[in-house]
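**Student:** Chains as they are written, first to last, in my numbering: chain U, 1003 to 1164; chain F, 1003 to 1164.
Mind having a look at this structure? Questions to follow.
There are 2 protein chains.
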Amino acid sequence: MAFEGAVRRAGAEDAAAVAGLLHDFNIEFDTPSPGPAVLAERLRRLLDPAAANPGGRTTAHLAEDTGGAPLGLALVTWHPNVWYDGPVALVDELYVVPARRGGGVGGALLAAVVDEAERVGAGAIELGADEPDVDALRFYRRHGFVGGFEPGERSFFLQREL
Amino acid sequence: MAFEGAVRRAGAEDAAAVAGLLHDFNIEFDTPSPGPAVLAERLRRLLDPAAANPGGRTTAHLAEDTGGAPLGLALVTWHPNVWYDGPVALVDELYVVPARRGGGVGGALLAAVVDEAERVGAGAIELGADEPDVDALRFYRRHGFVGGFEPGERSFFLQREL
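Encoded structure:
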């Protein structure tokens, strides 16, 4: 499904727009957020290709309507993995504003990530998706992801905060 | 529980030992492996601190018995994340040879990863664990991980190979 608008790679100059979407995302799902200002400051560093990011490379894709208003984003961390020649793309966030869900924005963002992953020779795309987010899980299953669907054969995304 | 031996950071010169353990790991769990030679070649590059790893930083910890024979390893990728000031440690592999399981080797390896994570100011430790690996899931739950244990509140680790 196509949507009226376009997806493009975000640069450091888009940090505020990306931060605003990420903040809205966390507010919607009752997850703590450090606030748009802190997020924007981190993103200016993470999305600057000239900056030294010793931990790895981060990319963001923005979906915008025909007037340039942000509709969603995909935030991806690229890291090496011993099982593949190329990197693995870890989709840290994939978010579409509530009013535009079900209209192809998420699919366009994921397609942009897949294009980028194929361009750089990535071996796989990985992400964590929460069990209550049934729409997200259905979306990823439809787009060829495995690991979260067959009871007894699933993989869990575990975390320990420090 | 302590074990007779020690855990140390592996360097590029340990690539063959790490590759051997990873290969054995995949053979044991019927997962395809590119073979120890290919893994060792990749690890020589990934574990060399002087090498350019554009995708991020990889570390390996080796557990060895008192004679220096490898008993297990932890392979970790460190990547930036917008939700934390510091990096996130993604535990790609944590493996203990079958004969030494249940003897504290895994706990010592995880403790070494936690030490390293605290040293570099990491925000969280993350990993994927398969549903059939009940011993591994119990181990991670005991060590303070969340996300894979309460039905309805779990998070799935999804993957799409390219």
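Built from N, CA and C at the ideal position, the CB exists for glycine as well.
1. Exposed or buried, which one is U:Gly1150 when buried takes at least 16 other CB atoms within 10 Å?
2. Could you check the C-alpha separation between U:Glu1030 and F:Ala1138 for me, to the nearest Å?
3. Note down the Cα distance separating F:Asn1028 from F:Asp1135, rounded to an integer number of angstroms.
4. Out of curiosity, what's the CA-to-CA distance linking U:Gly1088 and F:Arg1144?
5. Quick one: is F:Glu1095 near chain U, going by C-beta distance under 9 angstroms?
6. Output needed for U:Gly1057: all residues of its chain with C-beta closer than 6 angstroms, excluding positions within five of it in sequence on either side, in chain order.
7. Ordered along the chain, which non-local residues of its own chain (more than five positions away) have a Cβ less than 7 angstroms from that of F:Val1098?
8. Can you look up F:His1025 in the DSSP assignment and give me helix, strand or coil?
9. CA-CA distance, F:Asp1050 and F:Ala1019?
10. Can you check which of these residues, F:Arg1044, F:Leu1024 and F:Glu1043, is closest to F:Ser1035 by C-alpha distance?
11. Buried or exposed, going by whether 16 or more other CB atoms sit within 10 Å of the CB of U:Asp1117?
12. How far does the alpha helix (DSSP H) with U:Tyr1142 in it reach, from first residue to last?
13. Here's the rule: buried if 16 or more other CB atoms are within 10 angstroms of the residue's CB, otherwise exposed. What is F:Ala1156?
14. Taking its Cβ as the centre, do 16 or more other Cβ atoms sit within 10 Å of U:Asp1016, making it buried, or is it exposed?
15. For the region 1005-1021 of chain F, list every residue whose C-beta sits within 9 angstroms of some C-beta in chain U, in sequence order.
16. Using 9 angstroms as the limit for Cβ to Cβ distance, is U:Pro1171 near chain F?
17. Which residue's Cα is closest to the Cα of U:His1063: U:Ala1012, U:Leu1164, U:Gly1104 and U:Ala1021?
18. Inspect the beta-carbon positions of U:Leu1048 and F:Val1078 and report whether they are closer than 9 angstroms.
19. If we count the other Cβ atoms within 10 Å of its Cβ and call it buried at 16 or more, is F:Arg1044 buried or exposed?
20. Report buried or exposed for F:Ala1124, applying the criterion of at least 16 other Cβ atoms within 10 angstroms of its Cβ.
21. Look up F:Arg1162 in the DSSP assignment and say whether it is helix, strand or coil.
22. Please list, in chain order, the residues of the region 1065-1083 of chain U that have any C-beta partner in chain F closer than 7 angstroms.
23. If I follow the unbroken alpha helix (DSSP H) through F:Pro1082, where does it start and stop?
24. Does DSSP put F:Glu1095 in a helix, a strand or coil?
25. Quick one: which residues of the region 1104-1134 of chain F get their C-beta closer than 7 angstroms to a C-beta of chain U? List them in chain order.
26. Going along chain F in order, which residues have a C-beta closer than 7 angstroms to the C-beta of U:Arg1156?
27. Under 6 angstroms Cβ to Cβ from U:Arg1059, same chain only, skipping five residues before and after it: list those, please.
28. Put F:Pro1036 into one of helix, strand or coil per three-state DSSP.
29. Applying the criterion that 16 or more other CB atoms from any shown protein chain within 10 Å of the CB defines a buried residue, is U:Pro1100 buried or exposed?
30. Could you compute how far the alpha carbon of U:Tyr1142 sits from the alpha carbon of U:Val1148?
31. Within its chain, find whatever has a CB closer than 6 angstroms to the CB of F:Ala1042; leave out the 5 residues flanking it on each side and keep chain order.
32. Where F:Glu1006 and F:Asp1067 are concerned, what is the direct C-alpha to C-alpha distance, given to the nearest angstrom?
**Tutor:** On the basis of the supplied data:
1. As a first step, residue 1150 of chain U is located in the first sequence; it is residue number 148 there, counting from the start. Burial is judged here by how many other beta carbons sit within 10 angstroms of a residue's own beta carbon; U:Gly1150 has at least 16 and is buried.
2. Taking the first sequence and counting its residues from 1, one reaches residue 1030 of chain U at position 28. Taking the second sequence and counting its residues from 1, one reaches residue 1138 of chain F at position 136. Each residue's Cα considered, the two are about 33 angstroms apart.
3. Here residue 1028 of chain F refers to the residue found at position 26 of the second sequence. Here residue 1135 of chain F refers to the residue found at position 133 of the second sequence. Here the C-alpha atom of F:Asn1028 lies approximately 14 angstroms from the C-alpha atom of F:Asp1135.
4. For the purposes of this step, residue 1088 of chain U is taken as the residue at position 86 of the first sequence. For the purposes of this step, residue 1144 of chain F is taken as the residue at position 142 of the second sequence. For U:Gly1088 and F:Arg1144, the distance between alpha carbons rounds to 34 angstroms.
5. Against the second sequence, residue 1095 of chain F aligns to sequence position 93. Yes - at least one Cβ of chain U is within 9 angstroms of the one on F:Glu1095.
6. On the first sequence, position 55 is the one that residue 1057 of chain U refers to. Any answer about U:Gly1057 is weak, because its pLDDT of 48 lies below 50 and its placement is not dependable; what the coordinates show is given next. The beta carbon of U:Gly1057 sits closer than 6 angstroms to none of the beta carbons in its chain outside the five residues before and after it.
7. Within the second sequence, the letter at position 96 stands for residue 1098 of chain F. So the qualifying residues of the chain are Leu1073, Gly1074, Val1107 and Gly1108.
8. To locate residue 1025 of chain F, count along the second sequence from 1; it is residue 23. Helix.
9. Within the second sequence, numbered from 1, the residue matching residue 1050 of chain F stands at position 48. Within the second sequence, numbered from 1, the residue matching residue 1019 of chain F stands at position 17. Taken atom to atom, the span from the alpha-carbon of F:Asp1050 to that of F:Ala1019 is near 15 angstroms.
10. The count along the second sequence starts at 1 and reaches residue 1035 of chain F at position 33. For the residues F:Arg1044, F:Leu1024 and F:Glu1043, the minimum Cα distance to F:Ser1035 belongs to F:Leu1024.
11. For the purposes of this step, residue 1117 of chain U is taken as the residue at position 115 of the first sequence. When all chains shown are included, U:Asp1117 counts as exposed.
12. Counting from 1 along the first sequence, the entry for residue 1142 of chain U is found at position 140. Element bounds for U:Tyr1142: Val1136 to Arg1144.
13. Taking the first residue of the second sequence as position 1, residue 1156 of chain F is located at position 154. Per the sequence shown, the amino acid found at residue 1156 of chain F is Arg instead of Ala. By the neighbour-count rule (16 or more Cβ atoms within 10 Å), F:Arg1156 is buried.
14. For the purposes of this step, residue 1016 of chain U is taken as the residue at position 14 of the first sequence. Label assigned to U:Asp1016: buried.
15. From the region 1005-1021 of chain F, only Val1020 and Ala1021 have a Cβ closer than 9 angstroms to chain U.
16. With chain U represented from 1003 up to 1164, any question about residue 1171 of chain U goes unanswered, as that position is not in the structure.
17. Stepping through the first sequence from its first residue, residue 1063 of chain U is reached at position 61. Measuring C-alpha to C-alpha distances from U:His1063 to each of U:Ala1012, U:Leu1164, U:Gly1104 and U:Ala1021 identifies U:Ala1012 as the nearest.
18. Locating residue 1048 of chain U in the first sequence gives position 46, where the first residue counts as 1. Locating residue 1078 of chain F in the second sequence gives position 76, where the first residue counts as 1. Taking 9 angstroms as the Cβ cut-off, U:Leu1048 and F:Val1078 do not qualify as a contacting pair.
19. Numbered from 1 along the second sequence, position 42 holds the residue referred to as residue 1044 of chain F. Flag for F:Arg1044 reads buried.
20. Taking the second sequence and counting its residues from 1, the one referred to as residue 1124 of chain F is at position 122. Around the beta-carbon of F:Ala1124, 16 or more other beta-carbon atoms lie within 10 Å, marking it buried.
21. As a first step, residue 1162 of chain F must be located in the second sequence, where it is residue number 160. It is a strand residue.
22. The residues in question are Leu1077, Thr1079, Trp1080, His1081, Pro1082 and Asn1083.
23. The residue labelled residue 1082 of chain F in the question sits at position 80 within the second sequence. Here F:Pro1082 belongs to no alpha helix (DSSP H), and DSSP marks it neither H nor E.
24. Taking the first residue of the second sequence as position 1, residue 1095 of chain F is located at position 93. Note: F:Glu1095 maps to strand in three-state DSSP.
25. Listed in sequence order: Ala1119, Glu1120, Ala1124, Gly1125, Ala1126, Ile1127, Glu1128, Leu1129, Gly1130, Ala1131, Asp1132, Glu1133 and Pro1134.
26. In the first sequence, counting from the first residue as 1, residue 1156 of chain U sits at position 154. Result: Glu1133 and Phe1158.
27. Working through the first sequence from its first residue, we reach residue 1059 of chain U at position 57. Here the set comprises Trp1080.
28. Translated into positions along the second sequence, residue 1036 of chain F becomes position 34. Here F:Pro1036 sits in coil by DSSP.
29. Position 98 of the first sequence, counted from the start, is the residue given in the question as residue 1100 of chain U. Answer is exposed; the Cβ neighbour count stays below 16.
30. Here residue 1142 of chain U refers to the residue found at position 140 when the first sequence is read from its first residue. Here residue 1148 of chain U refers to the residue found at position 146 when the first sequence is read from its first residue. Using only the alpha carbons, I get a separation of about 8 angstroms.
31. Working through the second sequence from its first residue, we reach residue 1042 of chain F at position 40. Answer for F:Ala1042: Ala1017, Ala1018 and Ala1021, listed in chain order.
32. Walking along the second sequence from the start, residue 1006 of chain F turns up at place 4. Walking along the second sequence from the start, residue 1067 of chain F turns up at place 65. Rounded to the nearest angstrom, the two C-alpha atoms are 6 angstroms apart.
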